[in-house]
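Asks: My structure is below; once you've seen it, I'll send some questions.
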Amino acid sequence: MAAHSELAEEGAIQIVVIKTTGDKILTQPLADIGGKGLFTKEIDEALLNGDIDIAVHSMKDVPTYLPDKTILPCNLPREDVRDAFISLTAASLSELPAGSIVGTASLRRKSQLLHRYKSLNMFN
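Numbering follows full-length UniProt numbering, in which position 122 of the sequence shown is assigned residue number 122; successive positions increment by one, without gaps.
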């Protein structure tokens, strides 16, 4: 978990879980909510208030402009970026029957899937 071995020592770090707006609103697609920082605003506020010492974000969630008094000092090496395909019957997307419904909230993923598998239906 830790990029540096000394941080992996027992008790060296404490993880503080902060529920963000993006985590809390589960009744509508994120694209409909709009706005910047759906998964970062509350975490950044905790950092600025001194409640936490560092913030860790997924870069896809970081707004183009960072809040005042914050910096982006490093990017860690990227891990495996592949998505997971989970199905009760099909071993791959190509085996799904026409009209099958795929659930995803990602606009990018929807676009990629529909480009290649035009017979699928997307669901948020």
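Backbone N, C-alpha and C define an ideal beta-carbon position, used for all residues, glycine too.
Which residue from S119, H115, A105, K110 puts its Cα closest to that of G34?
Replies: A105
Asks: Closer than 8 angstroms is the cut-off here; do at least three beta carbon pairs connect the region 41-58 with the region 13-30?
Replies: Judged by pairs of C-beta atoms under 8 angstroms, the region 41-58 touches the region 13-30, as three or more such pairs exist.
Asks: Rounding to the nearest angstrom, what Cα-Cα distance links K110 and L72 in this structure?
Replies: 30 angstroms
Asks: Does I33 come out as helix, strand or coil in the three-state DSSP assignment?
Replies: helix
Asks: So, helix, strand or coil for G22, using DSSP?
Replies: Three-state result, G22: helix.
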